[in-house]
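Remarks on the structure that follows.
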Amino acid sequence: MLTVVGGVSGREPIAVSDIAATLQQPQELQHNTLFTGRPATQLFVASRFVAKLRTDFVFQSQDAEKRALSALALDRRLNAYHPEKTWFLWHTDDQIFIGNIAPRIHTFHSTLPELLQRKPAQALTLLAQLCRLYFSVAHESGFRLDEGLSNFGWTDAGAVYYLDDDRYQWDLFTSFASILAVWIRQLAEFSTEHADIFGQSLCDILLDVFQSPHKIQVLLGQLRYCIAVGGREQQCLNTISACLTKAAYPQRPDRHRSLAVGSTQLSAAETSGDCNANVTSPLAILADIHANLFALQAVLADLRVRQISRILVLGDIVGYGPHPRECIEVLKQQNAIIIQGNHDYAAASGDVSTGFSKLACWAIDWTRRVLTQDDMRWLAELPPYFQSDSWLAVHGAPIDKNYFYGYVYHMTYEANLDWLVQHQIALAFHGHSHVAGVYRRDAAGDSRCDHALQLLSSARCALACPGSVGQPRSGKTAAEYGIFRPADATFELLSVGYDYQRTMDVMRAANFPPALYERLAQGR
Numbered sequence: 001m002l003t004v005v006g007g008v009s010g011r012e013p014i015a016v017s018d019i020a021a022t023l024q025q026p027q028e029l030q031h032n033t034l035f036t037g038r039p040a041t042q043l044f045v046a047s048r049f050v051a052k053l054r055t056d057f058v059f060q061s062q063d064a065e066k067r068a069l070s071a072l073a074l075d076r077r078l079n080a081y082h083p084e085k086t087w088f089l090w091h092t093d094d095q096i097f098i099g100n101i102a103p104r105i106h107t108f109h110s111t112l113p114e115l116l117q118r119k120p121a122q123a124l125t126l127l128a129q130l131c132r133l134y135f136s137v138a139h140e141s142g143f144r145l146d147e148g149l150s151n152f153g154w155t156d157a158g159a160v161y162y163l164d165d166d167r168y169q170w171d172l173f174t175s176f177a178s179i180l181a182v183w184i185r186q187l188a189e190f191s192t193e194h195a196d197i198f199g200q201s202l203c204d205i206l207l208d209v210f211q212s213p214h215k216i217q218v219l220l221g222q223l224r225y226c227i228a229v230g231g232r233e234q235q236c237l238n239t240i241s242a243c244l245t246k247a248a249y250p251q252r253p254d255r256h257r258s259l260a261v262g263s264t265q266l267s268a269a270e271t272s273g274d275c276n277a278n279v280t281s282p283l284a285i286l287a288d289i290h291a292n293l294f295a296l297q298a299v300l301a302d303l304r305v306r307q308i309s310r311i312l313v314l315g316d317i318v319g320y321g322p323h324p325r326e327c328i329e330v331l332k333q334q335n336a337i338i339i340q341g342n343h344d345y346a347a348a349s350g351d352v353s354t355g356f357s358k359l360a361c362w363a364i365d366w367t368r369r370v371l372t373q374d375d376m377r378w379l380a381e382l383p384p385y386f387q388s389d390s391w392l393a394v395h396g397a398p399i400d401k402n403y404f405y406g407y408v409y410h411m412t413y414e415a416n417l418d419w420l421v422q423h424q425i426a427l428a429f430h431g432h433s434h435v436a437g438v439y440r441r442d443a444a445g446d447s448r449c450d451h452a453l454q455l456l457s458s459a460r461c462a463l464a465c466p467g468s469v470g471q472p473r474s475g476k477t478a479a480e481y482g483i484f485r486p487a488d489a490t491f492e493l494l495s496v497g498y499d500y501q502r503t504m505d506v507m508r509a510a511n512f513p514p515a516l517y518e519r520l521a522q523g524r
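Taking full-length UniProt numbering, the leading residue of the sequence shown gets 1, the next gets one more, and so forth.
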């Protein structure tokens, strides 16, 4: 006996007679054929419909209906399936099985390779529609669809749908970055010309779905770990990455360094062309300036005395403090690599949905009223990471795929050190915590050290934080920063006094909440 539970569209489901007729035509599943799937899934294929039964689950009557209704509700929530897809229950003599049935459509893995030869424009359009469906589901529901081409299909009218029943937690592009090389390998005719067209479509889709260039930057970051098998795949991935880089940093075309997929060099938009020219000279490490102009000026004056011109800024130029525009203008004049912090991103985008307190939200709202559109564009185009041949720089934590939300502290440092070992990175600079110090892994194990001068050559890997220029939280009122000397692998923690009362006076005059300026006198 068959019982129809419901259709995805909520309208007329597929008729019981069509389900029964389809169930009379079992289909053997085989790898690399038209019909693939797990052994526990029994497939039935007719001229018009395809039905699936999960034979590894056996339910009591009331449990089976609840499970089917739950599956139907999730299908409707994802909005990724053919509207005629219908869930049903099949009652046998002693068992009840849950199944679903949908119209038979063209599958990507079996049809797209040949279509790419005959009609490349149509094939690339369909592949772009697949990506739009995939990213829309991720953005709206937090679920990741199975990226295999066999799990997607399209109708004669060109509508693309998901065919598989499995869904996973969205992983911020990690699986998608990995599958790109697989797709290219499966599509033997896919060329760099196709990659350029597809890459541009991918940029448009990402910007349209996520409404933020940051997600393009995150995908670029995941692509750096994607290693293609063959030369054609490598070239195509590099072409796609070049499109992504151009879209992520549209105002700085002369300063882009295209991502070479699988290499150690990272895409970045630098504010100065020669900052990394002499990689053995000392490098000043600044973090969390937070619109505190007087603290920033004190640090830069100290660097001039020390005759150090190379600067790395680990993000959060703005937020909390009263001088966002002035700090941006000062940093534009420096010979610096500057990456994006979470406050920079929030000020540019208005997105304070992750990790912002009420005070931080107030400061971002005030900052956005002060900044010009050019200021916000400049902040938006800061890269969220930078990697040289010997070190990585992020604002938050290496393990965080967003780069600027995660913290390195006593609960997370071991996982971040594990990540450095896994990716063969010896040193990572980070900010965000506002607390100066180094977590390191060496022969004696993992430890934290806040000594003023540290030798990093004995560490297998290390996480180094210079503290905060504009809002230290280690009990100091002085502006904090660090100096990394590649020649002898030392990291020095420094602080320089400044007139913090002057900053507090400006904030008080601008009607900042007292808690935002009183903390400067407390170093908390």
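Ideal Cβ positions, reconstructed from N, Cα and C, are used throughout, including at glycine.
>> Helix, strand or coil, according to DSSP, for residue 525 in the structure here?
In response: The question about residue 525 has no answer, for the chain in this structure spans 1 to 524.
> In terms of residues, what are the limits of the beta strand (DSSP E) holding aspartate 446?
Replying inline: The residue you call residue 446 lines up with position 446 of the sequence shown. That run of the beta strand (DSSP E) goes 445 to 449.
> Anyone know if the C-beta pair for glutamine 217 and proline 383 falls short of 8 Å?
Replying inline: Taking the sequence shown and counting its residues from 1, one reaches residue 217 at position 217. Taking the sequence shown and counting its residues from 1, one reaches residue 383 at position 383. Yes, the pair counts as a contact, with Cβ atoms nearer than the cut-off.
>> Tell me which residue opens and which closes the alpha helix (DSSP H) that threonine 174 is part of.
In response: If you number the sequence shown from 1, residue 174 lands on position 174. Taken as a continuous stretch (DSSP letters only), the alpha helix (DSSP H) holding threonine 174 covers 174 to 186.
>> For alanine 284, report the span of its beta strand (DSSP E) as first-last.
In response: In the sequence shown, counting from the first residue as 1, residue 284 sits at position 284. It spans 283 to 286 - the beta strand (DSSP E) in which alanine 284 sits, taken as one unbroken run.
>> I'd like the ranges of any alpha helix (DSSP H) spanning at least 4 consecutive residues and lying wholly in the segment 363 to 402.
In response: 373 to 380
> For residue 525, which beta-bridge partners are listed by DSSP?
Replying inline: The structure shown does not extend to residue 525, since the chain spans only 1 to 524, so no value can be given for it.
> For the candidate residues His214, Ala459, Tyr439 and Leu124, whose alpha-carbon lies nearest to that of phenylalanine 195?
Replying inline: In the sequence shown, the residue the question calls residue 195 occupies position 195. In the sequence as presented, phenylalanine is not what sits at residue 195; that position holds alanine. For the residues His214, Ala459, Tyr439 and Leu124, the minimum Cα distance to alanine 195 belongs to Leu124.
> For serine 272, which of helix, strand or coil comes out of DSSP?
Replying inline: Locating residue 272 in the sequence shown gives position 272, where the first residue counts as 1. Interpretation of serine 272 is limited by its pLDDT of 37, a score under 50 that renders its predicted location unreliable; no figure is taken from the coordinates.
>> With three or more beta-carbon pairs closer than 8 Å as the criterion, would you say the segment 60 to 69 touches the segment 113 to 123?
In response: no
> What span of residues does the beta strand (DSSP E) with isoleucine 311 cover, start to end?
Replying inline: Position 311 of the sequence shown, counted from the first residue, corresponds to residue 311. Here the beta strand (DSSP E) through isoleucine 311 covers 310 to 313.
>> For arginine 440, report the span of its alpha helix (DSSP H) as first-last.
In response: For the purposes of this step, residue 440 is taken as residue 440 along the sequence shown, with counting starting at 1. Counting along the chain, arginine 440 falls outside any alpha helix (DSSP H), though it belongs to the beta strand (DSSP E) covering 437 to 442.
> Do arginine 325 and aspartate 375 have their CB atoms nearer than 8 Å?
Replying inline: Along the sequence shown, read from residue 1 onward, the residue named residue 325 stands at position 325. Along the sequence shown, read from residue 1 onward, the residue named residue 375 stands at position 375. Against a cut-off of 8 Å, the Cβ pair of aspartate 375 and arginine 325 comes out as a contact.
> What residue does the beta strand (DSSP E) around glutamate 480 start on, and which one ends it?
Replying inline: Taking the sequence shown and counting its residues from 1, one reaches residue 480 at position 480. Glutamate 480 -> beta strand (DSSP E) spans 479 to 485.
>> Taking the straight line between their C-alpha atoms, what separation do you get for asparagine 79 and asparagine 100?
In response: Numbered from its first residue, the sequence shown carries residue 79 at position 79. Numbered from its first residue, the sequence shown carries residue 100 at position 100. So the alpha carbons of these two residues sit roughly 16 Å apart.
> DSSP three-state call for valine 16: helix, strand or coil?
Replying inline: The count along the sequence shown starts at 1 and reaches residue 16 at position 16. Helix, per DSSP.
> Run through DSSP, which three-state label would arginine 502 get?
Replying inline: Here residue 502 refers to the residue found at position 502 of the sequence shown. It is helical.
> For the candidate residues Met504, Pro513, Asp94 and Gly523, whose alpha-carbon lies nearest to that of serine 433?
Replying inline: The sequence position of residue 433 within the sequence shown is 433, counting from 1. Nearest C-alpha to serine 433: Gly523.
> Hey, quick one: how far does the alpha helix (DSSP H) through leucine 202 stretch, first residue to last?
Replying inline: Indexing the sequence shown from 1 puts residue 202 at position 202. Residues 192 to 210.
> How should glutamate 28 be labelled, buried or exposed, when 16 other C-beta atoms within 10 angstroms of its C-beta is the threshold for buried?
Replying inline: In the sequence shown, residue 28 corresponds to position 28, counting from 1. It counts as exposed.
> For serine 141 versus arginine 77, is the C-beta distance shorter than 8 Å?
Replying inline: As a first step, residue 141 is located in the sequence shown; it is residue number 141 there, counting from the start. As a first step, residue 77 is located in the sequence shown; it is residue number 77 there, counting from the start. Their beta carbons are under 8 Å apart, which means serine 141 touches arginine 77 by this criterion.
> Does the Cβ-Cβ distance between alanine 64 and leucine 89 come in under 8 Å?
Replying inline: As a position in the sequence shown, residue 64 is number 64, starting the count at 1. As a position in the sequence shown, residue 89 is number 89, starting the count at 1. Yes, the Cβ-Cβ distance between alanine 64 and leucine 89 is below 8 Å.
> Which word fits histidine 410, buried or exposed, when buried means at least 16 other C-beta atoms lie within 10 angstroms of its C-beta?
Replying inline: The sequence position of residue 410 within the sequence shown is 410, counting from 1. That one is exposed.
>> So if DSSP puts lysine 52 in a beta bridge, which residue, or which two residues, is it bridged to?
In response: In the sequence shown, the residue the question calls residue 52 occupies position 52. In DSSP, lysine 52 forms a bridge with Leu43 and Asn100.
> Tell me which same chain residues have a C-beta within less than 8 Å of the C-beta of valine 469, skipping the five on either side of it?
Replying inline: Along the sequence shown, read from residue 1 onward, the residue named residue 469 stands at position 469. Closer than 8 Å at Cβ, skipping near neighbours: Leu286, Ala287, Asp288, Ile289, His290, Asn292, Ala295, Leu296, Val299, Ala479, Glu480 and Tyr481.
> When you compare only the Cα positions, how much space is there between serine 272 and glutamate 193?
Replying inline: Within the sequence shown, numbered from 1, the residue matching residue 272 stands at position 272. Within the sequence shown, numbered from 1, the residue matching residue 193 stands at position 193. Bear in mind that a pLDDT of 37 at serine 272, under 50, signals an unreliable position, so the model cannot answer this.
> When DSSP labels each residue in this structure, what does alanine 452 get in the three-state scheme?
Replying inline: For this step, residue 452 is matched to residue 452 along the sequence shown. Alanine 452: coil per DSSP, three-state reduction.
> With 16 as the cutoff for other CB atoms within 10 Å, does proline 472 come out buried or exposed?
Replying inline: Along the sequence shown, read from residue 1 onward, the residue named residue 472 stands at position 472. Classification of proline 472: buried, given that the 10 Å Cβ count is 16 or more.
> Which first and last residues belong to the alpha helix (DSSP H) in which threonine 3 is found?
Replying inline: Along the sequence shown, read from residue 1 onward, the residue named residue 3 stands at position 3. That residue, threonine 3, is in no alpha helix (DSSP H); its beta strand (DSSP E) goes 2 to 7.
>> What residue range does the alpha helix (DSSP H) around leucine 237 cover?
In response: Against the sequence shown, residue 237 aligns to sequence position 237. Per DSSP, leucine 237 belongs to the alpha helix (DSSP H) from 231 to 248.
>> Can you find the residues in the same chain that come closer than 8 Å, C-beta to C-beta, to valine 330, ignoring five residues on each side of it along the sequence?
In response: The residue labelled residue 330 in the question sits at position 330 within the sequence shown. Hits under 8 Å: Leu293, Leu296, Gln297 and Leu300.
> Can you find at least 3 beta carbon pairs, one from the segment 309 to 321 and one from the segment 349 to 367, that sit closer than 8 Å?
Replying inline: yes
> Between which two residues does the beta strand (DSSP E) carrying tyrosine 162 extend?
Replying inline: To locate residue 162, count along the sequence shown from 1; it is residue 162. From DSSP, the beta strand (DSSP E) with tyrosine 162 extends over 160 to 162.
> Taking the alpha helix (DSSP H) that tyrosine 91 falls in, what are its first and last residues?
Replying inline: As a working note, residue 91 is residue 91 in the sequence shown. Sequence check: residue 91 is histidine here, not tyrosine. Element bounds for histidine 91: not the alpha helix (DSSP H) but the beta strand (DSSP E), 86 to 91.
> Does the pairing of the segment 229 to 236 with the segment 146 to 157 give three or more beta-carbon distances under 8 Å?
Replying inline: no
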